[in-house]
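Residue numbering for the sequence shown follows the working numbering, beginning at 8 and increasing consecutively. Heads up, the beta-carbon is just placed ideally off N, CA and C, and yes, glycines get one too. Input: a single structure, listed below in structure tokens.
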Amino acid sequence: MAQPKRRWSKARTGARRSTWKLDEKGYSTCPHCHEPVLPHTVCSNCGYYDGKEVVSVKKNED
């Protein structure tokens, strides 16, 4: 297998890796309780998904 003739500099390596950053998650709002939630997941606040209650959530009373 071919080998590189010269070593890449740290600046060139850093420039190549500059696009490896993490992207921010795309949140949407729950249509039932209007809390931010990840797409295609059950809302942890109200337990609804696709307009139906999937998980019953206990409410903490202070």
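Endpoints, the alpha helix (DSSP H) within which residue i is located
i   : result
G21 : K17 to R23
For residue i, three-class secondary structure by DSSP
i   : result
T26 : helix
V64 : coil
S35 : strand
V44 : strand
K59 : strand
Close beta carbons around residue i, own chain, < 8 Å, minus the five adjacent residues each side
i   : result
T48 : Y56
T36 : E42, P43 and V44
Outcome for residue i when other beta-carbon atoms lying within 10 angstroms are tallied against a minimum of 16
i   : result
V44 : buried
C53 : buried
C50 : buried
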